[in-house]
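>
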Amino acid sequence: MQSTAIRVPCGDIHMEGALWLPENHLGVVLFANGSGSNRLKPPYDYVGSVLHNARLATLWLDMVTLDERRTYQPRPSVALLAERLQAACDWLQLNESTRELPIALFGSGYGAAAALQLAVLRQRTICAIVLRGGRPDLGSQMLAKVLAPTLLIVGSLDDGVLNANRSAYAALECKKRLEIIPGATHAFDEPGSLEVVARLARGWFLQHTHFALV
Numbered sequence: 000m001q002s003t004a005i006r007v008p009c010g011d012i013h014m015e016g017a018l019w020l021p022e023n024h025l026g027v028v029l030f031a032n033g034s035g036s037n038r039l040k041p042p043y044d045y046v047g048s049v050l051h052n053a054r055l056a057t058l059w060l061d062m063v064t065l066d067e068r069r070t071y072q073p074r075p076s077v078a079l080l081a082e083r084l085q086a087a088c089d090w091l092q093l094n095e096s097t098r099e100l101p102i103a104l105f106g107s108g109y110g111a112a113a114a115l116q117l118a119v120l121r122q123r124t125i126c127a128i129v130l131r132g133g134r135p136d137l138g139s140q141m142l143a144k145v146l147a148p149t150l151l152i153v154g155s156l157d158d159g160v161l162n163a164n165r166s167a168y169a170a171l172e173c174k175k176r177l178e179i180i181p182g183a184t185h186a187f188d189e190p191g192s193l194e195v196v197a198r199l200a201r202g203w204f205l206q207h208t209h210f211a212l213v
C-alpha cells in the first residue's frame, strides 16, 4: 500500500502530509501530536501500520511550517493546532476518497488538547478519540462537552501526565476509558509498550467508527 502526498490549505499556508488508504477502508484516523509534525516518526509509523491492517485509513500532516517551528518555541499553541486540525477535517470531508468516512482522532502531547477542541467543534463528525501520553488538561474547559467516545492511554511512569489524564478522565462525561500501561514512560519506548498502545487504539477505533453522524 502506497501513501498519497497531499497539501491541505489553512489560511495563508498549506500543510504537507500523506494519506494512506487501505483497501476497503472503514474510516479514517487523523493524527495530531504536540510538535505539529507527524510524519516519519517511528512510533507513528508503527501505530499507523497496525491501523492500516485493520482497514483504517490515516492522515498525517505537518501542521506547522518550518518557519513556524522557529517562531513557536518550544511548541505551537493548542489554539493553532486546533485550527489546523479543523482545516484537515474540512479537507477529509471534501476529498472524494474520504468524504463518506467516519473520522477519528489520535492525539498526543499538546495535540491531545487540540483534538478535544476539534471534537467539540465537530460533534456530529468525530466518531472516536484516542489520546496517547496526551495533555487533555490543557483543554479542560472542553472536556465536559466532548461527545465522542474517548480513550486515554498513559504510562504508569509518566507521573505528571498520568495525573493530568486522571483529572481529565474524571471531567469527561462521554463514554470513556483510561488505560495505564505498567512500566511505560512518556515515550512508550519500553519493549512491548507501543504494541499495547497500537492494539488498544485499533480496538477503540473499530468499536466506535459506526457512531459517526456524517
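In terms of numbering that gives the first Met the number 0, the sequence shown opens at residue 0 and continues consecutively. We treat Cβ as the ideally placed atom computed from N, Cα and C, and that holds for glycine.
1. So what does P8 bridge to, in DSSP terms?
2. Mind checking S166: buried by the 16 CB within 10 Å criterion, or exposed?
3. Give me the Cα-Cα distance between R201 and L25, rounded to the nearest whole angstrom.
4. Assuming the contact rule is C-beta atoms closer than 8 Å, V49 and I102 should be a hit. Round their C-beta distance to whole Å, please.
5. If we count Cβ pairs, one from each stretch, closer than 8 Å, do we get three or more for the stretch 127-141 versus the stretch 48-64?
6. Can you tell which of F187, G110, S139 has its C-alpha closest to the C-alpha of N32?
7. Tell me which residues share the same chain as V7 and place their Cβ nearer than 7 Å to its Cβ, disregarding the 5 neighbours each side in the sequence.
8. If you reduce the DSSP assignment to three classes, tell me which class G47 lands in.
To lay it out plainly:
1. Note: P8 sits in a beta bridge opposite H13.
2. S166 should be labelled exposed.
3. Their backbone Cα atoms lie some 12 Å apart in a straight line.
4. For V49 against I102, the beta-carbon gap comes to about 18 Å, at or over 8 Å, which does not count as contact.
5. These segments do not touch.
6. Ranking F187, G110, S139 by Cα distance to N32 puts G110 first.
7. Sequence-distant Cβ neighbours of V7 in its own chain, meaning closer than 7 Å and more than five residues away, are H13, M14, G16, L60, A86, A87, W90.
8. For G47, the three-state secondary structure derived from DSSP is helix.
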